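Peer 1: Dropping a structure here in structure tokens format, bear with me for questions.
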Amino acid sequence: MKKAGHRPAHNCCINPIHGEHLLENDLEIEVKFYISEPLEFRNRILSKNSISQGRAFEKNILLDTPDLQLRKKGVLLRLRQTDTCTLTVKSTPRIRQDGEFKVLRETETSIGDFDNAEKAFTTLGFTHKTIYEKFRETFLLQQVEICLDELPFGFFVELEGEKTAIREAADILGLQWDQRITLSYRALFESLAQHHGYNFSDITFAAFANADADINAILNGP
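The numbering of the sequence shown is UniProt numbering, which starts it at 1 and goes up by one.
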């Protein structure tokens with residue numbers, strides 16, 4: 001996620017398929033970690049001279065065609081509502097990836113009206129919708145954006161920036177690199193839903209009110 005006023009500094013990489021140069025400013029490079037003690041971890045972030053950008057509630061809608069054509073192509077179309085509204089398109093870049101990081105090409109722009117934008121995409125045929133909610137507090141630590149996220153199924157931290165800077169930030173925050181997560185929140189939810197047998201598909205706090213949200217089983221394996 002890129003925000004106005006701050007964009008982590010990225011370098012340039014070469015697309016090995018076409019030999020073209022890709023600016024990493026066009027790429028979202030990140031990893032996640034599950035956080036079992038969010039208050040303690042938040043204090044740890046602040047103790048490293050990071051700067052809080054505030055906490056906000058997010059409503060996100062992932063849009064697709066009825067037969068999930070975007071997802072089959074590795075494309076994500078998302079509307080997000082906080083105090084502002086944004087439209088984001090993410091796709092898998094054609095670059096060699098080492099699996100250590102989640103790397104996506106990201107295009108994002110502000111929109112004026114969340115509800116009308118949703119109606120417009122529905123009219124265009126994007127009628128398959130997945131809603132997910134979270135609270136997010138954003139911090140800046142050197143050149144890394146740190147997002148402390150509260151999902152209906154737990155707390156996570158996302159680190160976004162240049163790869164070397166992300167590794168350094170993880171070390172500073174005492175995060176174990178071998179416990180990093182490169183899955184999206186939707187993919188984590190789908191694994192959780194399969195494990196617990198959920199009968200709902202939206203990732204909302206209301207849906208999880210009476211659901212087993214223990215995520216350790218899918219993070220730690222059998």
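Backbone N, C-alpha and C fix where the C-beta goes; we use that ideal spot for every residue, glycine too.
A quick note: this is a predicted structure, and the numbers were derived from the prediction, not measured.
Taking the alpha-carbon of Ala211 as reference, which of Ala217, Ala56 and Ala193 has the nearest alpha-carbon?
Peer 2: Ala193
Peer 1: Is it buried or exposed, Thr86, if we count other Cβ atoms within 10 angstroms and call 16 or more buried?
Peer 2: buried
Peer 1: Can you have a look at Ser110 and say buried or exposed, based on whether 16 or more other CB atoms are within 10 angstroms of its CB?
Peer 2: exposed
Peer 1: If I measure Cβ to Cβ from Val157 and keep anything under 6 Å in the same chain, skipping five residues before and after, which residues do I get?
Peer 2: Phe33, Ile35 and Leu148
Peer 1: To test your reading of the DSSP string, which unbroken beta strand (DSSP E) runs of 3 or more residues are found completely within the region 105 to 149?
Peer 2: 128 to 141
Peer 1: Taking the runs of the alpha helix (DSSP H) that are 4 residues or longer, which of them lie wholly in the region 25 to 83?
Peer 2: 38 to 47 and 69 to 72
Peer 1: According to DSSP, is Phe156 part of a helix, a strand, or is it coil?
Peer 2: strand
Peer 1: Count Cβ pairs between the region 36 to 51 and the region 88 to 96 that sit closer than 8 Å; are there 3 or more?
Peer 2: no
Peer 1: Pick out whichever of Ala217, Ile45 and Phe135 has its Cα sitting closest to the Cα of Arg55.
Peer 2: Phe135
Peer 1: Which whole-angstrom value is the C-beta distance of Leu76 and Glu28, which I expect to be below 8 Å?
Peer 2: Wrong, their Cβ atoms sit about 11 Å apart, outside the cutoff.
Peer 1: Sorted by chain position, which residues of the same chain lie with C-beta nearer than 8 Å to Ile166's C-beta, five sequence neighbours on each side aside?
Peer 2: Ile29, Glu30, Val31, Phe101, Val144, Leu159 and Glu160
Peer 1: How big is the Cα-Cα spacing for Tyr185 and Lys48?
Peer 2: 26 Å
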